[in-house]
Structures are given as C-alpha cells and as structure tokens.
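Residue 0 is where the sequence shown starts when you use numbering that gives the first Met the number 0, and the numbers rise one by one after that. Glycine is no exception: its CB is placed at the ideal position from the N, C-alpha and C atoms.
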Amino acid sequence: MVNPLKIEREDQKLEKRLCREMGQAIADYNMIEAGDRVMVCLSGGKDSYALLDILMKLQQRAPIDFELIAVNLDQKQPGFPAEVLPNYLSKLGVKFHIETQDTYSVVKKVIPEGKTMCSLCSRLRRGILYKVARELGCNKIALGHHRDDILQTLLLNMFFGAKLKGMPAKLVSDNGEFMVIRPLAYVAEKDLIRWAQVREFPIIPCTLCGSQDNLQRQHMKDMLKDWEKRFPGRVDNMLTALQNVVPSHLMDRKLFPFETLKTTGEDNAEGDTAFDEEPLPKTPTRLLGEQVIALTSSD
Ligand code: SF4
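Spelled out as structure tokens, the structure:
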C-alpha cells in the first residue's frame, strides 16, 4: 500500500529541489536583478505553470525586489478554453495579461494543408510577445524550457544541423530589446510532471492547433529517457558538460587557434597525455544536482 506520509515527504523534497535548481540557475546566469519586470510566458502547459509557480515562491524569499507579470497569448485555436488561465491567475493573485490574437487563422490561411505550421506560428507568437512585453514595460521574458528541452535541442542540432548548439539559459531577444531567460534550465522534466500533479495545474492540451508532434524531438526524448533509466546521472552530466566546454579538444577553428598553435617547450603537468585516451571515471563524478545542493543547501 502507498504510504501517504511518504508521498508527502517526497513532494516536499521535490518542492525544495525545484526551488534550489531554479535559484541556482538564476544565480549562475544572473537572470534576475533588482527592479526587473519579468514577463512570464504561460501556455497552459505543465512547464510554464511550474515556471510561474516556482518563480512566485522564490520572489517571496528573494533579498531583492522584482515584479512578475504572467502573460498568455490566446491564439484562437479551436477549442482553446479561454477562461481557464484567467480563472487560475485571478485566484493566484498574480498580475496577468491575456493577449488575444488570431494567429491560428493566419497560419491556416498561409500554410498549405499537411505542412508543418510551427515555424510561422512561433514567429508570429514571438513578435506579439515582444509587443506585449514592451507595452507592459517588461525588460525580461521568462520561458518554461527545462533541462530535457535543452538536451533534446543539443542532440537535434548535432544530428540534423551538424552543429554543437543547445538552447541558451539566457539570451538577448532577436530584436535586441529584451533579455530572455530560462529559469528551469536545470530542472528535469520528470520533476515538472510530478509537480503539475501535486499542484493540480489546470493543464490546457497543446494539440489544439492540430499540428503533429515533432517526431525527431520525440526520438531524442525517448533516447534521453532510456539513458537516464540505464545509466542514472548521464543526462545531468550532459547538461554539466555544456558548462565545461574545452575548445582545444574540439575541432572548431573559430574557437581555438589551431593554425597558429606554437610549442611552448614547457612540460604541462595539468595537460592531457598527447597520444593516449583520457581515462574516464567509472561513475558520474560531477552531477549537477550534487553541485547545486553543495552550493545552496541550508536544510
Ligand atoms: S504546435 Fe501548434 S501552437 Fe505550437 S508552434 Fe506549432 S502550430 Fe503553433
């Protein structure tokens, strides 16, 4: 039989972990500063609900003042339950704005039947969100992408784009006007799935537009899930690897001056042996979670 006390303890631990990981990502990348007005993008999916929820918890404990404004774009997809988010946000007591723009009809009109609509749809959405952020006086835009989104993107870019490129935790918006932040960058998707159940978020299905799930992204997701099951810690280590890049041991001539490299005549005790493979630790040695706990745990 399931022990309700044990579940409660696990959920409390989960809440602490979510706060700790988000707090750490915010600190590592200096995502939020005093006086910021952060527009939190809400889609009605589990990730963006958790983003707002945990940001609000951190806001209460933070030593600095910053504002949060939740924003949802109602794209007029058929069957979109327009009342769900306003009801939820009113109860929550957070400032919010619902922007209604019928991008669905525009996309349907322009994209031939059967073709993927996502690229035009997200371009339109981006433009509208910038406009709303400007009107609301926000200087930061927070998005709900998490650790697994970042790693899936990394693999997709490697396999299909021939690029070593993930998804940044912080970047300047493409119009140069806003700082875009991803405070869930260290958070595992499975934790967000559980948190959505714990908090009973009123999830709005993301299939309303009728667009197919990106099949390749789903493959990457399955692959990461399988690795995590068979080799616990591997997925966290992949994320940590993105923070430990060694340009001299990659092959990008733009990042390291291979052509002009000169011998030094000095023995480098720290350096790799030139011809042998570097020995790998048998077990993961630097899990992100452990690092975060060591830095911030006070419990
Ligand atoms: S899945 Fe639908 S709503 Fe999302 S970007 Fe694609 S077309 Fe737009």
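Query raised in the report: In three-state terms, what does DSSP make of Asp266?
Result: The residue you call residue 266 lines up with position 267 of the sequence shown. Coil.
Query raised in the report: Does at least one heavy atom of the ligand SF4 sit under 7 Å from the Cβ of Met116?
Result: Translated into positions along the sequence shown, residue 116 becomes position 117. Under cutoff, so the answer is yes.
Query raised in the report: Excluding five sequence neighbours on each side, which residues of the same chain lie with their C-beta closer than 6 Å to the C-beta of Tyr48?
Result: Within the sequence shown, the letter at position 49 stands for residue 48. The answer, listed in chain order, is Phe200.
Query raised in the report: Within 7 Å: the Cβ of Cys120 and any heavy atom of the ligand SF4?
Result: Locating residue 120 in the sequence shown gives position 121, where the first residue counts as 1. Checking every heavy atom of the ligand SF4 against the Cβ of Cys120, one is found closer than 7 Å.
Query raised in the report: Is Glu265 buried or exposed, if buried means 16 or more other CB atoms sit within 10 Å of its CB?
Result: By 1-based counting over the sequence shown, the position of residue 265 is 266. With fewer than 16 Cβ atoms within 10 Å of its Cβ, Glu265 is classed as exposed.
Query raised in the report: Are the segment 212–226 and the segment 145–162 in contact at 8 Å, needing three or more beta carbon pairs?
Result: Touching, yes.
Requested in this report: Compute the Euclidean distance between the alpha carbons of Ser210 and Leu119, then round it to the nearest angstrom.
Outcome: One-based indexing of the sequence shown puts residue 210 at position 211. One-based indexing of the sequence shown puts residue 119 at position 120. The alpha-carbon atoms of Ser210 and Leu119 are separated by roughly 12 Å.
Query - Reduced DSSP category for Val93 - H, G, I as helix; E, B as strand; rest coil - result: By one-based count along the sequence shown, residue 93 stands at place 94. Three-state result, Val93: coil.
Query raised in the report: CB Val105 to CB Leu67, shorter than 8 Å?
Result: Your numbering for residue 105 matches position 106 in the sequence shown. Your numbering for residue 67 matches position 68 in the sequence shown. At the C-beta level, Val105 and Leu67 stay beyond 8 Å of one another.
Query raised in the report: Just the Cα atoms here: how many angstroms apart are Phe257 and Leu57?
Result: For this step, residue 257 is matched to residue 258 along the sequence shown. For this step, residue 57 is matched to residue 58 along the sequence shown. Cα to Cα, the separation comes out at about 45 Å.
**Report entry** Extent of the continuous beta strand (DSSP E) run through Met38
**Finding:** Here residue 38 is taken as the residue at index 39 of the sequence shown, counted from 1. That run of the beta strand (DSSP E) goes 36–41.
**Report entry** Helix, strand or coil at Ala141 according to DSSP, with G and I counted as helix
**Finding:** Residue mapping note: residue 141 aligns to position 142 of the sequence shown, counting from 1. Here Ala141 sits in strand by DSSP.
Requested in this report: Could you please give the first and the last residue of the uninterrupted alpha helix (DSSP H) stretch that includes Ile202?
Outcome: The residue you call residue 202 lines up with position 203 of the sequence shown. Where Ile202 is concerned, there is no enclosing alpha helix (DSSP H), because DSSP gives it neither an H nor an E.
**Report entry** Minimum length 4: unbroken alpha helix (DSSP H) runs contained in the segment 213–273
**Finding:** 214–229, 233–240, all fully within the segment 213–273.
Requested in this report: Count the other CB atoms, across all protein chains shown, that sit within 10 Å of the CB of Pro246; report buried if there are 16 or more and exposed otherwise.
Outcome: For the purposes of this step, residue 246 is taken as residue 247 along the sequence shown, with counting starting at 1. It counts as exposed.
**Report entry** Extent of the continuous alpha helix (DSSP H) run through Val106
**Finding:** Here residue 106 refers to the residue found at position 107 when the sequence shown is read from its first residue. From DSSP, the alpha helix (DSSP H) with Val106 extends over 102–109.
Requested in this report: Could you tell me if the beta carbon of Gln74 falls within a distance shorter than 7 Å of some heavy atom in the ligand ATP?
Outcome: The ligand ATP is absent from the structure shown, which contains only the ligand SF4.
Report task. With DSSP as the reference, label Ala69 as helix, strand or coil. Result -> Sequence index remark: in the sequence shown, residue 69 carries index 70 (1-based). In this structure, Ala69 counts as strand in the three-state DSSP scheme.
Query raised in the report: Comparing alpha-carbon positions, which option in Pro77, Gln74, Val93, Phe79 lies nearest Asp52?
Result: As a position in the sequence shown, residue 52 is number 53, starting the count at 1. Closest in C-alpha terms to Asp52, from the list Pro77, Gln74, Val93, Phe79, comes Val93.
Query raised in the report: With distances taken from CA atoms, which of Lys12, Cys205, Pro85, Asp27 is nearest Gly78?
Result: Position 79 of the sequence shown, counting from 1, holds the residue named residue 78. Measuring from the Cα of Gly78, the nearest candidate turns out to be Cys205.
**Report entry** Through-space distance from Ile110 to Asp64, alpha-carbon basis
**Finding:** In the sequence shown, counting from the first residue as 1, residue 64 sits at position 65. In the sequence shown, counting from the first residue as 1, residue 110 sits at position 111. One alpha carbon belongs to Asp64, the other to Ile110, and they sit about 44 Å apart.
Requested in this report: Answer yes if the segment 128–143 comes into contact with the segment 23–38, meaning at least three C-beta pairs across the two stretches below 8 Å, and no otherwise.
Outcome: Output reads yes: the segment 128–143 touches the segment 23–38.
Query - Rounded C-alpha distance that separates Gln76 from Asp271 - result: In the sequence shown, counting from the first residue as 1, residue 76 sits at position 77. In the sequence shown, counting from the first residue as 1, residue 271 sits at position 272. Cα atoms of Gln76 and Asp271: separation of roughly 56 Å, rounded to the nearest angstrom.
Query raised in the report: What's the gap between the Cα of Pro80 and the Cα of Phe255?
Result: By 1-based counting over the sequence shown, the position of residue 80 is 81. By 1-based counting over the sequence shown, the position of residue 255 is 256. Separation of Pro80 and Phe255 (C-alpha to C-alpha, rounded to the nearest whole angstrom) is 52 Å.
Query - Counted within 10 angstroms of its Cβ, other Cβ atoms place Glu188 as buried (16 or more) or exposed - result: Taking the sequence shown and counting its residues from 1, one reaches residue 188 at position 189. Buried: at least 16 other Cβ atoms inside 10 Å.
Query raised in the report: Which word fits Arg19, buried or exposed, when buried means at least 16 other C-beta atoms lie within 10 angstroms of its C-beta?
Result: Locating residue 19 in the sequence shown gives position 20, counting from the first residue. Burial is judged here by how many other beta carbons sit within 10 angstroms of a residue's own beta carbon; Arg19 has at least 16 and is buried.
Query raised in the report: For the candidate residues Asn236, Asn213, Arg181, Met222, whose alpha-carbon lies nearest to that of Leu50?
Result: Taking the first residue of the sequence shown as 1, we reach residue 50 at position 51. Minimum Cα distance to Leu50 is reached at Arg181.
Query - Cys18 CB to nearest heavy atom of the ligand SF4 below 7 Å - result: Reading the sequence shown from its first residue, position 19 is the one you call residue 18. Checking every heavy atom of the ligand SF4 against the Cβ of Cys18, none is found closer than 7 Å.
Query raised in the report: In angstroms, rounded to a whole number, what distance separates the CA positions of Arg198 and Asn213?
Result: On the sequence shown, position 199 is the one that residue 198 refers to. On the sequence shown, position 214 is the one that residue 213 refers to. Spanning the two alpha carbons is a distance of roughly 28 Å.
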